[in-house]
Structures are given as C-alpha cells and as structure tokens.
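Read the structure below first, then the notes.
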Amino acid sequence: MRHGLLPCLLSVALSPAHALDFEFDSGLAIALDSTVTWGAQWRVEDRNRSITGSKFLTALQENPFLPLTDTQNSAAQTVIINGNDGNNNFDTGLVSHRLTLLMEMDLTYDSYGVFLRGKAFYDKVYRDNDTDLGAESFASYNSGTLYGGDALRGEFPGRSREQHGDNVELLDAFIYGTWEIPGDRLLDIRLGRQVINWGESTFYQGINSIQNRADATAANTPGVEIKEILLPTGAFYTQVDLLPNLSMEAYYQYEWLENELNGVGSYFSTTDQVGPGASAFLIPTPNSVLVPEEIRGNAYHLRGVPRLADKPADDSGQWGLAFHYVTDSNWDIGFYHVRGHDKKPSFVLEYIDVPGSPQPVPVSYELSYYEDIKGTAVSFTTVLGETNVQGELSLLEDTPMVNGAGDPEQEKFLKLQIGGAHVFGPSFLSDDAVIVFEGFYADVSSADSRELSASDYAWGYSFLAELNYNNVFQGWDLKVPLYVKHDVGGTIREIQAFESAKVVSLGLTATYLNNLSANLAYSFYFGGGDENLLIDRDHLAVTVKYSF
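Next comes the structure, spelled out in structure tokens:
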C-alpha cells in the first residue's frame with residue numbers, strides 16, 4: 130500500500146519534465162533538472178515610525194528614567210528597538226536582487242538510487258553592503274560597533290551578508306532502495322540528508338515542526354507552502370507495508386541542525402538579538418551617576434547586553450514512528466509519535482546581582498536549543514465530493530514558550546489544523562481555478578496568558594486561490610494567484626501569529642511550455658498593531674524562472 134498527502138494541485142507549472150534524461154544498456158538511468166531564477170523585490174511603503182524606535186529614542190533623551198516611570202510602554206518599546214534594524218536599513222526601493230541556481234540529480238539502477246540537490250545564489254543588494262540606515266537609527270543598531278558588533282553605519286553585519294549575499298550549498302544527499310518482501314509487500318529505505326515531512330500541513334506547521342529545520346528566508350514569500358521551506362537533515366528512514374491497508378514509517382536522525390534564520394538587518398528580519406549577525410540585546414538604561422557604572426547606559430541611554438556562545442542541541446535522541454491506515458471508504462488516517470530537539474533558538478538572559486540595584490540585572494545572553502521535545506499527532510486526508518480535505522491534531526510536550534518575565538519555559542502546546550483543496554472547472558471567470566485553504570487553532574494548554582509573554586491561544590486561516598487561463602498566446606498560460614493570511618485572534622510569537630495581522634498578495638504568472646515562467650506579485654501587510662513588525666513591509670516582487 131502507498132499513501133499520499135494532499136495532492137499538490139499547483140505542481141504542474143512548478144515541476145517540468147526532466148530536461149536531461151540518460152538511460153544506459155546496463156539499466157543505469159540519470160535524470161538531471163536545473164532551474165535558474167532571477168528575482169528582484171522593491172519596498173513600496175515608507176517606514177511606520179511607531180515601529181522604528183525613533184520616538185522612543187527621542188523620549189529617552191528627554192527622560193532617561195522613562196523605563197522606571199512607564200514600565201509597560203517601555204517593555205513594548207524594548208521589543209521594537211530589538212526588532213527594527215531590518216526596517217531601518219531599507220528606504221523605499223530595491224531590497225533584493227538575486228540570481229539562484231537549483232540543480233537536482235536522480236541516479237537509479239534497478240530499484241536503487243542516489244538523489245542529490247544543490248543550490249547556489251548571489252544577491253547584489255547584500256553583497257554591495259550599502260544600507261539606508263540613518264545616524265539616528267544607528268543608536269539602536271544591535272550589531273553596530275557601538276555594541277561590540279562588526280557593522281559600521283551603512284553596512285550589514287558580516288554574518289548577514291554571508292546569509293543573504295551568496296552561498297553554494299548541497300541540500301539533499303541520500304541513497305534509497307525498494308525491496309519486495311513476502312506477502313507481496315514493499316520495503317523502502319533511505320539513508321542520508323533528506324526531508325521527512327509527516328502530518329497534514331499546508332501553510333502552518335504541525336508535528337513536522339520538530340522533525341525538520343526550516344529556511345526562514347524562503348518563508349519570506351507570502352503563500353509559500355511548508356514543504357518548500359523545509360531543509361534536509363541526516364537520517365535513516367524506512368517505510369514498510371504491514372497489510373494491504375496499513376503501513377508503518379520510522380526514522381532516526383543522526384544529526385541535529387538549526388533553522389536558517391533571517392540575518393540581522395535583512396529586510397524581513399524582526400529579531401535583532403537572534404540570528405546570523407546578532408551580537409547584542411539592547412536594554413533602556415539611564416546614563417546617570419545614579420546607576421551603577423557596570424550597568425550604566427551610553428549617551429543614548431541604551432545598554433548592549435552581549436551575546437555569548439550558543440548552546441546547540443545534541444545530535445542523538447531524535448526519532449519518529451508513524452502508522453497509516455486506509456479505510457474502505459478511502460480515509461487515510463495517520464498516527465505519529467516523534468522525539469526531537471528544537472530547531473529554533475530560545476533567548477536566555479543571564480542575570481547577576483549588582484550593588485545598588487534593587488533586583489538582578491541581565492549582563493549577557495545566549496541562544497539555547499531545547500532538547501527532548503515529544504510530539505504526538507493524529508491526521509486524516511480524504512476526498513469529500515470533489516474536494517480534498519485534510520486535518521491534523523498535534524500535541525508537543527516540553528516545547529519552549531516565553532513566560533511573562535521574558536524567559537523560556539517548557540510547556541504543552543496543542544495545535545489543530547483543517548484544510549483542503551478544490552479544483553473548479555471552466556467558468557465565465559477562467560478556464561479553471563484552484564483554491565487551497567487551511568485554518569489553525571493553537572493553545573498553550575499548560576499555562577494561561579497571565580503566565581506568558583502574550584496570549585495562551587491563537588487562531589487564523591490562510592488560502593491561496595488561483596485563476597488559470599490556458600494558451601492565452603501560443604504556448605503561454607496565465608495564472609492569477611491571490612493569497613490571504615489572517616491571524617484572527619490571539620498572539621503567540623513562537624509561531625508568528627499576531628492578533629488581527631493580515632497579509633494579502635496578488636500576482637500574475639505567465640508560463641511558457643512549462644519551462645519558462647515570469648511572475649509579478651504585490652504583497653500588503655497590515656493589522657496587528659505594533660506587535661506586527663512587518664506591518665510596513667509592503668513590496669513588489671518580480672521573478673523569472675527557466676528550467677532546463
């Protein structure tokens with residue numbers, strides 16, 4: 130028995146046939162795919178001054194002791210000045226100019242094979258190393274030389290240039306095989322760097338959040354599906370048919386790798402103390418003789434708390450087991466249990482007692498990756514009428530969530546996702562149309578909002594609708610995609626859910642013979658108040674792809 134996840138109804142335009150196939154008399158076959166992508170993005174909205182930190186810096190100059198007299202607002206502003214570098218680095222205009230090459234090779238012999246995938250890219254904006262950061266904003270530039278970083282005014286941090294400027298990387302690299310076993314059943318085995326994506330997720334992560342590391346830079350494109358941002362990890366994986374309608378999957382990961390985060394000061398970065406290039410966390414502190422010298426602020430009444438060495442997770446102790454049962458009425462029911470280590474960092478402050486201070490003060494911080502997170506989930510996928518429907522309920526235990534004091538604590542995290550896809554036939558609007566949708570509800574079941582830094586729940590939805598027009602010109606097809614994301618209620622920063630935040634992206638894609646495509650898209654960000662640090666990042670993007 131072989132089961133599948135929700136069919137990807139948009140894959141035809143994205144997955145052209147192999148351009149180079151070689152078959153030899155010995156039975157050896159080689160398939161090569163290459164895709165070259167040129168892309169550019171332009172910022173089209175001016176900065177929202179309420180989230181640039183400029184008002185707060187001015188207020189500190191007028192009243193350095195504001196953090197003591199207005200603690201609630203100062204706490205909110207502290208989040209902003211530690212998340213504003215990407216905003217302040219870019220005026221309206223070009224924010225990315227990137228050329229990417231993606232190559233795949235699938236070598237097969239009989240029922241065995243080797244699969245390799247690699248990527249190389251170059252982004253002129255980041256390699257030119259010329260930002261629009263003003264002198265006033267340099268006061269809150271976490272990775273600037275003021276706070277022990279390597280970035281001068283007008284520069285990106287060195288690690289951010291490396292993360293976004295250029296790279297050559299081998300992604301997937303694994304061997305695989307399929308064997309027939311007694312009872313007319315099949316056994317599949319893979320060994321090497323690979324993506325193991327369990328559960329039923331389209332736009333939101335579920336049980337797969339502790340299976341795979343993710344590429345946050347890929348997630349910057351509105352409407353991207355989860356499977357497109359997952360990165361491979363070294364693992365041994367097997368799948369076997371136990372019965373005609375029951376299969377089992379299992380894996381053991383022999384390495385741990387963290388998420389690829391946005392570099393500090395990059396256009397979509399909103400956490401200046403976390404990620405490539407991060408070197409300090411800023412705390413409003415008066416530059417006054419009334420403050421002990423060792424924790425006294427600078428001329429801007431800010432103090433940079435330095436970053437110590439990260440605490441990575443161990444390579445061992447990550448595994449998973451899953452069963453899939455297909456009913457007579459064609460419901461695919463999945464059961465999963467996984468154990469893994471967090472791929473995203475937790476921000477941990479170190480405190481000491483300072484004479485003259487009424488309470489311990491932070492003097493350094495580290496990025497720590499929590500281990501031994503347990504995940505259990507159940508999922509389904511089926512067809513109701515002509516609509517593919519899917520769902521997943523997952524429980525993550527010992528997952529880190531930020532408490533009211535700003536420190537991580539391990540909690541139980543429950544998440545429900547319901548989604549699906551439907552294809553519409555010809556109509557007066559288009560030759561055909563597709564809609565892919567998913568809603569979610571998340572709950573921190575072991576704590577309430579009084580114990581957390583934000584809400585103990587969040588819910589929202591996303592959908593991607595696409596109108597298709599075939600052979601508008603000879604060999605050319607047109608698509609009009611519309612993506613909408615709405616975080617309806619609750620704020621949980623760990624999953625990037627901010628109450629009332631919305632994203633709308635409208636585009637136009639032209640495809641020629643499944644090999645050449647050009648896309649134009651305009652993305653709007655709005656709602657969510659000052660919690661949503663992307664609220665002023667509206668942008669226009671142009672992409673051209675050629676597959677060969």
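Quick note, the numbering used here runs 129 ahead of the 1-based positions in the sequence shown.
Even glycine gets a Cβ: it sits at the ideal position worked out from N, Cα and C.
From this set, the options, which residue's C-alpha is nearest residue i's C-alpha?
{"i": "Asp572", "options": "Asp560, Thr640, Leu593, Leu545", "result": "Leu545"}
{"i": "Leu635", "options": "Phe194, Pro351, Val224, Tyr586", "result": "Pro351"}
{"i": "Thr307", "options": "Tyr238, Asp259, Val353", "result": "Tyr238"}
{"i": "Leu521", "options": "Phe509, Thr528, Pro529", "result": "The sequence given here has Glu at residue 521, not Leu. If we check each option's Cα against that of Glu521, Phe509 comes out closest."}
{"i": "Phe627", "options": "Asp606, Leu649, Leu663, Leu645", "result": "Leu663"}
{"i": "Glu422", "options": "Pro373, Lys472, Ser486", "result": "Ser486"}
{"i": "Gln625", "options": "Glu540, Phe566, Thr399, Asp471", "result": "Thr399"}
{"i": "Val393", "options": "Val492, Leu386, Asp401", "result": "Asp401"}
{"i": "Arg227", "options": "Ala169, Thr207, Arg282", "result": "Ala169"}
{"i": "Val477", "options": "Val403, Tyr651, Asn192", "result": "Val403"}
{"i": "Val613", "options": "Asp527, Ile564, Tyr598", "result": "Ile564"}
{"i": "Pro415", "options": "Gly433, Gly406, Pro405", "result": "Gly433"}
{"i": "Ala304", "options": "Gly657, Thr346, Gly242", "result": "At residue 304 the sequence reads Ile, which differs from the Ala that was named. Comparing Cα-Cα distances from Ile304 to each of Gly657, Thr346, Gly242, the minimum goes to Gly242."}
{"i": "Tyr465", "options": "Tyr454, Tyr494, Ile502, Val507", "result": "Val507"}
{"i": "Ser266", "options": "Gly215, Asn648, Glu623", "result": "Gly215"}
{"i": "Phe566", "options": "Lys503, Gly548, Pro555", "result": "Gly548"}
{"i": "Val617", "options": "Ser582, Ala594, Gly658", "result": "Gly658"}
{"i": "Ala345", "options": "Asp370, Glu515, Ser652, Ser395", "result": "Ser395"}
{"i": "Asn388", "options": "Ile412, Gly328, Gln292, Asp370", "result": "Gln292"}
Under 8 Å by Cβ, that's how I've got residue i and residue j pegged, so tell me the actual separation to the nearest angstrom.
{"i": "Lys248", "j": "Leu236", "result": "At roughly 19 Å, the Cβ-Cβ gap does not stay under 8 Å, so Lys248 and Leu236 are not in contact."}
{"i": "Leu669", "j": "Trp167", "result": "No, Leu669 and Trp167 are not in contact; Cβ-Cβ is about 15 Å, not under 8 Å."}
{"i": "Asn213", "j": "Thr181", "result": "5 Å"}
{"i": "Ser591", "j": "Phe332", "result": "4 Å"}
{"i": "Phe244", "j": "Asp301", "result": "6 Å"}
{"i": "Trp448", "j": "Tyr499", "result": "Going by Cβ atoms, the distance from Trp448 to Tyr499 rounds to 17 Å, so no, they are not a contact pair."}
{"i": "Ala121", "j": "Leu316", "result": "Coverage of the chain is limited to positions 130 through 677, which leaves residue 121 absent and any answer about it impossible."}
{"i": "Phe452", "j": "Leu513", "result": "Their Cβ separation, rounded to whole angstroms, is 23 Å, which puts Phe452 and Leu513 out of contact at 8 Å."}
{"i": "Thr638", "j": "Ser629", "result": "Contact flag wrong, Cβ pair sits at about 30 Å."}
{"i": "Lys608", "j": "Asn600", "result": "The pair is not a contact, with the Cβ atoms about 13 Å apart (cut-off 8 Å)."}
{"i": "Ile336", "j": "Ser523", "result": "5 Å"}
{"i": "Glu495", "j": "Leu437", "result": "5 Å"}
{"i": "Tyr480", "j": "Pro489", "result": "4 Å"}
{"i": "Tyr251", "j": "Asp295", "result": "4 Å"}
Mark residue i as exposed unless 16 or more other C-beta atoms lie within 10 angstroms of its C-beta, in which case mark it buried.
{"i": "Asn661", "result": "buried"}
{"i": "Glu537", "result": "The displayed chain sequence assigns Pro, not Glu, to residue 537. Buried is the call here."}
{"i": "Phe557", "result": "exposed"}
{"i": "Asn271", "result": "buried"}
{"i": "Ala264", "result": "exposed"}
{"i": "Gly133", "result": "Caution applies to Gly133, whose pLDDT of 41 falls short of 50 and renders its modelled position unreliable; the model cannot decide the point."}
{"i": "Thr672", "result": "buried"}
{"i": "Glu298", "result": "exposed"}
{"i": "Phe151", "result": "exposed"}
{"i": "Leu525", "result": "buried"}
{"i": "Pro145", "result": "Confidence at Pro145 is low in this model, with a pLDDT of 41, below 50, so its placement is unreliable and no value can be given for it."}
{"i": "Asp162", "result": "buried"}
{"i": "Arg319", "result": "buried"}
{"i": "Gly156", "result": "exposed"}
{"i": "Ala280", "result": "buried"}
{"i": "Pro373", "result": "exposed"}
{"i": "Arg225", "result": "Residue 225 is actually Ser in this sequence, not Arg. Ser225 is buried by the Cβ-count criterion."}
{"i": "Asp667", "result": "buried"}
{"i": "Asn459", "result": "exposed"}
{"i": "Pro286", "result": "buried"}
{"i": "Gln603", "result": "exposed"}
What are the start and end residues of the beta strand (DSSP E) that includes residue i?
{"i": "Ile462", "result": "461 to 469"}
{"i": "Thr511", "result": "502 to 513"}
{"i": "Ile564", "result": "561 to 573"}
{"i": "Lys608", "result": "605 to 618"}
Name the two residues that bound the continuous alpha helix (DSSP H) containing residue i.
{"i": "Thr207", "result": "200 to 210"}
{"i": "Gln546", "result": "Unbroken run through Gln546 is the beta strand (DSSP E), 537 to 553; no alpha helix (DSSP H)."}
{"i": "Lys253", "result": "253 to 257"}
{"i": "Thr331", "result": "Premise fails: Thr331 is in no alpha helix (DSSP H) and is neither H nor E."}
{"i": "His293", "result": "287 to 294"}
{"i": "Asn476", "result": "One detail in the question is off: residue 476 reads as Phe in this sequence, not Asn. Note, Phe476: premise wrong, no alpha helix (DSSP H); beta strand (DSSP E) at 475 to 481."}
{"i": "Thr274", "result": "Counting along the chain, Thr274 falls outside any alpha helix (DSSP H), and DSSP gives it neither H nor E."}
{"i": "Ala188", "result": "183 to 191"}
{"i": "Asp214", "result": "214 to 217"}
Can you tell me which residues form a DSSP beta bridge with residue i?
{"i": "Phe151", "result": "Ile159"}
{"i": "Ile318", "result": "Gly306, Thr367"}
{"i": "Val518", "result": "Thr511, Gly549"}
{"i": "Arg425", "result": "Partner(s): none; Arg425 has no beta bridge."}
{"i": "Tyr381", "result": "Phe365, Trp448"}
{"i": "Thr237", "result": "Ala158, Gly242"}
{"i": "Val297", "result": "Ala249"}
{"i": "Glu526", "result": "Lys503"}
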